[in-house]
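Each remark here refers to the structure printed beneath this line.
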Amino acid sequence: MAAKREEMTLWTGYFDSRLSRSKGRRVPKGASIPKPTLESIVWAARSAGVRKMRQEPEVSHPARPHAKEGRLVMPPSHVLEVMGASSKEGVMQKIGTILRRRSKEAKDQGKDSVRGPAKGDRRRRAQRKTTKHRKSGQRKRKKFGRK
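Each residue of the sequence shown is one higher than the one before, counting from 10 in my numbering.
Encoded structure:
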């Protein structure tokens with residue numbers, strides 16, 4: 010079945026960094042994220058300036074019929090005009106870089122809030138009870154002569 014020329018279809022698998030190129034990823038690793046959602050791709054397309062689009066969330070890609078990944082359908086004339094790209098590949102790369110930038114910003118923002126006490130703050134560091142921060146050679150001391 011030939012693709013319709015009046016529709017441009019973007020599957021979420023095109024932006025999945027866990028997939029190889031032969032398995033269906035169509036953008037470079039630098040423009041892809043692990044486990045992209047249809048909502049995140051819609052957000053990236055909207056922030057790129059695309060307004061005319063249709064979401065189909067429960068549709069599976071023909072090469073991956075087991076996964077209901079969803080797709081985004083857009084008119085190519087509108088998309089190419091708004092984004093200034095010359096092809097579908099250019100559109101996918103622009104949407105992918107926006108998606109990657111947003112994912113990286115969210116990851117950096119979350120990293121700052123989860124961070125533990127500062128290295129010099131002895132009082133807060135003393136509250137840690139986990140063995141996760143010990144060096145590999147150190148073991149927890151046994152009490153009362155147990156081995």
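We put the CB at the ideal spot given by N, CA and C, even for glycine.
Inter-residue spacing [alpha-carbon to alpha-carbon] between residue i and residue j
i            : j                : result
serine 26    : lysine 152       : 48 Å
lysine 32    : phenylalanine 24 : 12 Å
valine 59    : arginine 30      : 26 Å
serine 96    : isoleucine 104   : 13 Å
glutamate 98 : methionine 17    : 11 Å
valine 100   : valine 36        : 10 Å
glycine 79   : glycine 39       : 22 Å
Pick from the options that is closest to residue i, judged by C-alpha positions
i             : options                     : result
leucine 81    : Arg30, Leu28, Val36, Leu47  : Leu47
methionine 62 : Lys120, Ala40, Pro74, Leu89 : Leu89
Sheet register partners of residue i (DSSP bridge)
i             : result
threonine 18  : Val82
glutamine 118 : Answer is none; glutamine 118 lacks a bridge partner.
glutamate 65  : Arg80
Burial state of residue i (16 or more Cβ within 10 Å)
i           : result
arginine 55 : exposed
glycine 22  : buried
proline 43  : exposed
Under 7 Å between C-beta atoms of residue i and residue j
i            : j         : result
glutamate 65 : lysine 77 : no
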